[in-house]
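Student: This is the structure, below, for whatever I ask next.
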Amino acid sequence: MSGNGTTAGDDPLQTAVWRLRSRACWADAAELLQSATAAAALQRAALLVERCLYTEAGWQDAEDALRAAEALAHTDEERGAAACERGYLAYSATLHAVRDRADEARS
50 MSGNGTTAGD
60 DPLQTAVWRL
70 RSRACWADAA
80 ELLQSATAAA
90 ALQRAALLVE
100 RCLYTEAGWQ
110 DAEDALRAAE
120 ALAHTDEERG
130 AAACERGYLA
140 YSATLHAVRD
150 RADEARS
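Add 49 to a position in the sequence shown, counting from 1, and you land on the number used in the working numbering.
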């Protein structure tokens with residue numbers, strides 16, 4: 050995702066998302082993305098999970114976005130990508146002692 054929106058030929062939406070993300074405006078960037086497709090829902094979740102890692106805030110928003118991404122995932126790739134984001138959220142929560150998510154890893 051870090052390379053999206055960096056050249057003139059890119060999608061204007063991705064350019065706006067990238068610019069907001071690069072300025073630590075994760076919630077604003079996530080608001081631009083509609084969760085109508087699995088890819089958009091996953092990108093939205095990734096932004097909100099990243100916000101949790103850096104700010105230690107917005108855990109419920111990230112969880113809700115992950116649930117939406119998981120619900121829209123139909124292919125193995127989409128399900129795998131959503132599972133990776135869930136792992137990143139669990140890592141962040143454990144790292145910041147918000148909640149020990151080791152229980153999720155065992156189930």
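Beta carbons: idealized from backbone N, C-alpha and C, even for Gly.
All values reported here derive from a predicted model rather than from experimental measurement.
Go ahead and pull the three-state DSSP assignment for residue 63.
Tutor: The answer is helix: DSSP assigns residue 63 an H, G or I state.
Student: Could you say which of 124, 104, 91 and 126 lies nearest to residue 134 if we only look at CA atoms?
Tutor: Closest by alpha carbon: 91.
Student: What's the gap between the Cα of residue 107 and the Cα of residue 121?
Tutor: The alpha-carbon atoms of residue 107 and residue 121 are separated by roughly 21 angstroms.
Student: Over the uninterrupted alpha helix (DSSP H) stretch that includes residue 136, give me the two end residues.
Tutor: Here the alpha helix (DSSP H) through residue 136 covers 125 to 144.
Student: Between the beta-carbon of residue 131 and the beta-carbon of residue 118, is there less than 8 angstroms?
Tutor: Their beta carbons are under 8 angstroms apart, which means residue 131 touches residue 118 by this criterion.
Student: Is residue 80 buried or exposed, if buried means 16 or more other CB atoms sit within 10 Å of its CB?
Tutor: The residue in question, residue 80, is exposed, as its Cβ has fewer than 16 Cβ neighbours within 10 Å.
Student: Per DSSP, what kind of secondary structure is residue 112 in: helix, strand or coil?
Tutor: The answer is helix: DSSP assigns residue 112 an H, G or I state.
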